[in-house]
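Take a look at the structure below.
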Amino acid sequence: MTSRDSKAAVAFLAPALILLGFFRLWPAARSLAESLRGWSGAEARAFVGLANYRYLFQEDPVFWSSVQVTLKYAVIASPITVAAALGLAFLLRGKGRRLSFLRTLCFLPSAVSLSVMAVVWGLMLDPYYGLANSILKRLGVPPQPFLSSTNQALACLILIAVWRNAGYWMMFFLAGMESIPKEVYEASALDGASSQQQAWRITIPLLARTMSFVLVANTTFNFVTFAPVFILTRGGPIGSTNLLMYEAYKSAFVYLDPGRAMAMSSLTLLGVLILSIVQLKLARARFEC
Amino acid sequence: MRRFTALIIAAAALVAVSAPAIGATTLEVVWMGWPKNLVDMQLEDFRRANPDIVLDVQLVPFNQLFQTLEVRLASGRPPDVFIVDGPMTASYAERGYLMPLDAHLDSRELSQWFPASVEACRYKGKLYTLPYATSSVGLYFNKDIFRRYNVELLPEDPGHRLAWEQVAEIAKRLTIDASGDGQPEVWGLIIEQCDRPYQVVPFAESKGGRPLSPDGTTSEGYVNSPAFVEAATFYWKLFNDWKVSPKGIMQAPIAREYFGNGKAAMMLGAEWNIAQLRNFSDSEFGLSPHPYFAGGRALTPTGGWHVGISSKTAKRDAALRFAKYITGHDAVATWAKLFGNAPARRDVYASMKDVFANPMWQTLIYEMEKTASPRPVTPGYLEYESVLKEAFSSIQYGADPAAALDSAAKQIDRELRKYR
Amino acid sequence: MQSRKCGNTTQSRAIAGRIVRAIPREALLLAVAAIYLLPLWWVTASSLRPAGSLYQYAIPISWRTFFPDELTLANFANIFAKLDFGQAMSNTFLVSAITVALGLVVNSMAGFALAKFDFPCKRLVFVIILVTFIAPFDAIVIPLHQVVSDLGLINTRAALILPAVGNGLAIFLFKQFFEGIPSELLESARTDGASWWRVFWQIVMPISLPAIATAAVMMFLFQWNSLFWPLIAAFSSRFRMVQVAVATQIAADQTHWANLFASAVMGSLPPIILFLLLQKRYLKGIAGMKGE
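Residue numbers (our numbering), protein chains in the order written: chain A, 1 to 289; chain B, 1 to 420; chain C, 1 to 292.
Structural data, given as structure tokens:
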């Protein structure tokens with residue numbers, strides 16, 4: 001069903017590819033090249049081949065624990081976020097001021113800058129005098145350490161990510177629902193389908209494309225999360241929230257060892273790329289009839 | 001009135017930026033993200049006296065300052081003048097980012113600053129930065145809390161310091177958990193920058209430890225020496241055994257909120273609190289000199305912001321004029337008035353007697369003259385500080401002090417290899 | 001009598017049933033509202049309070065935590081009069097608006113090519129586009145800075161705009177959306193002699209409002225929230241961006257809480273207004289839908 005007019009395709013693609021080539025691919029290639037060099041000192045940085053990678057794999061325990069933390073974070077946060085976003089979209093679609101107000105409310109966290117949001121959550125989750133503990137105290141629950149506990153810090157970051165991102169991805173689901181032709185619903189209503197059946201049999205399958213988009217994009221975002229860690233926990237307590245991108249940041253800007261930093265982000269990129277392709281394949285197999 | 005002048009200045013600055021005078025030099029300055037109106041007030045005189053220089057002051061948020069400088073200094077187009085965290089002087093100088101200043105200042109000019117501050121500007125015998133501010137630390141305490149629980153007030157005379165062992169006992173008595181929920185309503189002691197080597201390393205130095213090898217490239221046998229482990233164990237006990245200090249309060253502004261609002265009886269904090277604590281008018285505060293370990297050395301943290309000139313600048317004269325202005329008497333005095341930081345210049349203390357006659361300031365001036373101990377000079381300060389900071393953070397959260405310091409020493413030495 | 005009563009009961013039962021069935025939904029809506037409103041309300045309330053200490057009103061928690069007994073706009077006046085917040089807002093608005101305008105054209109075109117054309121190496125092109133949005137910005141920021149320097153764009157508005165125009169995620173979004181448009185629609189226009197260019201602009205784009213709106217919000221937010229890139233790419237104070245202005249309120253030596261909250265509230269308004277405007281447009285069609 002697609003056209004084979006290659007000339008037209010190239011013309012349509014060219015502007016975007018030129019821009020992406022200059023401002024994304026070329027820098028990405030350069031950082032890949034950086035990962036093959038030693039650390040920066042006063043002297044020029046020497047070519048060291050795969051030494052940075054060998055180091056990561058063979059003698060860098062910090063890297064490995066960081067990989068584990070990142071996997072845990074992304075694997076838990078991603079499905080919860082997508083499910084919450086889809087749930088919100090079902091709950092809040094439709095007409096009326098009240099729903100429109102709630103939609104805006106859910107979108108709001110993505111409009112507030114990350115640095116401010118992290119400060120606000122830091123204050124809310126203050127282990128001793130924060131708002132969250134004040135409320136828990138009122139409810140008779142003992143105060144919680146939240147971000148200052150090795151057991152709870154990562155969970156807090158996950159919940160904050162869900163809170164912040166669910167409304168954002170909800171927007172994509174709402175737009176996806178909007179593009180489903182009304183006639184489909186009308187036909188099934190005539191067949192006596194309940195709204196629940198409609199949701200399962202029509203809406204969700206027809207959202208397949210939106211779903212695969214949100215799934216891939218959100219998983220990617222989670223794997224490369226940096227700012228909340230940087231502002232809220234600095235990787236602590238005791239490395240329990242030391243996500244890969246934060247470790248890479250430290251390598252580049254604090255340890256002045258861009259080789260290790262770039263090796264780490266190149267590996268992350270490769271991992272996420274493979275994961276995304278698998279996700280897209282699975283989504284296609286699952287939904288496309 | 002002040003608001004009005006600020007508005008005028010802001011408007012003038014806007015016009016100046018959008019329509020630079022013909023033949024004017026634009027000087028790029030990377031500066032800490034302090035409030036713009038206050039920075040403008042401080043620069044008012046410079047702008048008036050130097051109509052041929054247009055200032056482009058780039059206020060960078062504190063959390064982004066060091067990354068921004070890393071990228072910009074390494075690029076082909078660095079700022080002409082930039083703010084330097086004192087101990088970073090060696091790191092930038094080692095990498096050739098800074099212009100040596102020896103030829104441009106005579107000994108009379110240099111003698112205006114505290115010798116320790118000028119020392120912190122040198123690396124391998126050359127002067128690379130100028131001191132903008134310095135700092136000192138003391139033990140603030142909330143007199144109301146002491147009185148409420150019948151604890152004798154701390155000594156406030158300069159040099160009359162308590163031992164850490166005594167402070168720990170007082171902190172235990174003043175950690176109050178009336179509701180019994182395990183979360184005290186009042187904590188005994190809060191440390192303002194509780195994991196930063198700036199405040200933590202002097203604990204170990206008081207026990208006789210040295211932060212780094214004299215050549216600044218080895219930490220094995222220094223940061224994991226017995227003195228460091230003993231000091232770190234005391235630190236560990238504050239949070240994990242005696243539980244007199246709250247875990248996880250890593251940010252200075254939050255620590256100050258705790259102390260100011262009566263949630264902590266004592267705070268080990270920097271000089272800026274003398275001015276900042278006036279925002280909390282409900283309580284009466286005192287300042288006792290920095291404690292030391294019984295039988296050990298008395299010493300206090302010091303150091304602060306410096307100003308550097310890029311080695312690549314094409315506007316050397318304008319840059320020098322600016323650097324001398326911003327570290328000069330008038331600009332520093334204005335800043336001390338607006339912000340409450342400790343000036344690094346003697347003449348400011350002399351000209352602002354009314355401010356510095358305050359007994360709290362007297363206590364800290366005594367420390368700056370007698371006990372101030374600068375941070376180690378090493379081109380790898382950034383790496384050193386960050387690794388050690390994480391180690392102390394872990395110890396605070398309960399990690400074994402000896403093990404944490406051992407692995408910190410290993411990691412620091414690995415990062416410092418590149419400077420050997 | 002009996003039967004009437006019976007009928008009444010069935011009727012009221014039906015109503016009761018509807019109410020009972022509505023309860024979980026209502027409870028859910030209320031819970032969602034509370035979870036989202038609480039932190040945001042607190043920020044807003046704090047921004048409207050006279051400058052003071054942070055925990056003063058949070059401990060113990062009371063109605064005063066959320067409802068200031070003294071309202072003031074002084075913090076907002078402050079950030080505009082003293083901290084040049086207005087200039088930062090207009091700078092950022094300009095940059096974001098241009099990025100969105102250019103980005104919508106460029107990315108929708110690329111998405112269209114991927115959705116409706118077959119050409120050699122199509123899979124490779126798609127994977128390359130995946131790479132462009134997967135590659136973490138924080139990881140390529142240093143080489144990107146070098147590239148922008150080499151192009152001579154450093155310290156210009158173009159350095160803020162151009163790198164953000166091509167957006168792999170937006171291309172992906174458009175591709176997914178356009179794939180849902182029946183190809184017959186395009187083919188029939190083609191047989192009538194319309195060029196691809198005309199088909200794209202006169203048939204495809206007009207029916208793609210939901211995708212355009214979401215992509216616009218997405219790209220706008222990306223620019224509006226950028227913080228580190230402006231600091232190194234367009235550092236001159238006259239280009240100062242809004243998130244930089246917000247973040248400077250957070251400092252090591254002092255944090256002016258009231259100004260921080262006021263600038264956070266002010267800095268969030270433009271994206272929210274944009275969302276409201278677009279929601280009004282693109283969610284219009286949903287109104288008549290059954291699916292409650």
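Where a beta carbon is used, it is the ideal one built from N, C-alpha and C, also for glycine.
For residue i and residue j, which I take to be in contact (beta-carbon distance under 8 angstroms), what is that distance rounded to the nearest angstrom?
| i | j | result |
| --- | --- | --- |
| B:L101 | B:L73 | That belief does not hold up - the Cβ atoms of B:L101 and B:L73 are roughly 17 angstroms apart, past 8 angstroms. |
| C:N167 | C:N107 | 5 angstroms |
| A:T104 | A:P237 | Not a contact, Cβ separation roughly 36 angstroms. |
| A:E247 | A:V62 | 7 angstroms |
| B:V307 | B:T25 | Between B:T25 and B:V307 the Cβ distance is about 18 angstroms, and since that is not below 8 angstroms, they are no contact. |
| A:S251 | A:A261 | 4 angstroms |
| C:L71 | C:L48 | 5 angstroms |
| B:R47 | B:L55 | 7 angstroms |
| C:F222 | C:A164 | 6 angstroms |
So, residue i versus residue j, is the Cβ gap smaller than 9 angstroms?
| i | j | result |
| --- | --- | --- |
| A:R30 | C:I79 | no |
| B:S136 | B:A298 | no |
| A:Y73 | A:L267 | no |
| C:L114 | B:P61 | no |
| B:P246 | B:F392 | no |
| A:M177 | A:R97 | no |
| B:R375 | B:G303 | yes |
| A:D322 | C:W196 | The structure shown does not extend to residue 322 of chain A, since chain A spans only 1 to 289, so no value can be given for it. |
| B:G209 | B:A227 | yes |
| C:R190 | C:V199 | yes |
| A:G167 | A:L108 | yes |
| B:Q411 | B:G340 | no |
Run the proximity test for residue i: is its beta-carbon closer than 8 angstroms to any non-hydrogen atom belonging to the ligand COA?
| i | result |
| --- | --- |
| B:A402 | This structure lacks the ligand COA, and indeed carries no ligand of any kind. |
For the beta strand (DSSP E) containing residue i, list its first residue and its last residue.
| i | result |
| --- | --- |
| B:W31 | T25 to M32 |
| B:D85 | V81 to D85 |
| B:M267 | A264 to A270 |
| B:I190 | W187 to I191 |
| B:Q58 | I53 to V60 |
By DSSP, does residue i sit in helix, in strand, or in coil?
| i | result |
| --- | --- |
| B:A21 | Model confidence at B:A21 stands at a pLDDT of 48, short of 50, so the residue's coordinates are unreliable and nothing is read from them. |
| B:V244 | coil |
| C:A115 | helix |
| C:P27 | The residue asked about is misnamed: residue 27 of chain C is Ala in this sequence, not Pro. Reduced to three states, the DSSP call for C:A27 is helix. |
| B:I176 | strand |
| A:G41 | At A:G41 the pLDDT is 49, less than 50, meaning the model places this residue with poor confidence; the figure from the coordinates comes in the next sentence. In this structure, A:G41 counts as coil in the three-state DSSP scheme. |
| B:H210 | Just to set this straight, residue 210 of chain B is Arg in the shown sequence, not His. Correct three-state label for B:R210: coil. |
| B:L130 | strand |
| A:S149 | coil |
| A:C289 | Because the pLDDT at A:C289 is just 36, under 50, the model does not fix this residue reliably, and the point stays unresolved. |
| A:F226 | coil |
| B:R48 | helix |
| B:P359 | helix |
| B:E117 | The sequence shown places Ser at residue 117 of chain B, rather than the Glu named in the question. Helix at B:S117. |
| B:R122 | strand |
On the DSSP letters alone, give me the boundaries of the alpha helix (DSSP H) that residue i sits inside.
| i | result |
| --- | --- |
| B:V223 | B:V223 -> no alpha helix (DSSP H), and no H or E assigned at all. |
| C:V125 | K122 to I134 |
| B:Y140 | No alpha helix (DSSP H) holds B:Y140; the beta strand (DSSP E) holding it covers V137 to N142. |
| B:H160 | Counting along the chain, B:H160 falls outside any alpha helix (DSSP H), and DSSP gives it neither H nor E. |
| C:P143 | F137 to D150 |
| B:H329 | H329 to F339 |
| B:D406 | P401 to L416 |
| A:Y246 | L244 to F253 |
Inset, instruction - Could I get the ranges of all uninterrupted alpha helix (DSSP H) runs contained in the stretch 64 to 112 of chain B, with 4 residues as the minimum, in chain order? - result: 89 to 94 and 107 to 110
Inset, instruction - Note down, one range per segment and in chain order, each alpha helix (DSSP H) of at least 4 residues found wholly within the stretch 283 to 325 of chain B. - result: none
Inset, instruction - Identify each residue in the stretch 104 to 123 of chain A for which the Cβ-Cβ distance to at least one residue of chain D is less than 9 angstroms, and report them in chain order. - result: Note that chain D does not occur in the displayed structure, where the protein chains are A, B and C.
Inset, instruction - Quick one: which unbroken beta strand (DSSP E) runs of 3-plus residues sit fully inside the stretch 69 to 96 of chain C? Chain order, please. - result: none
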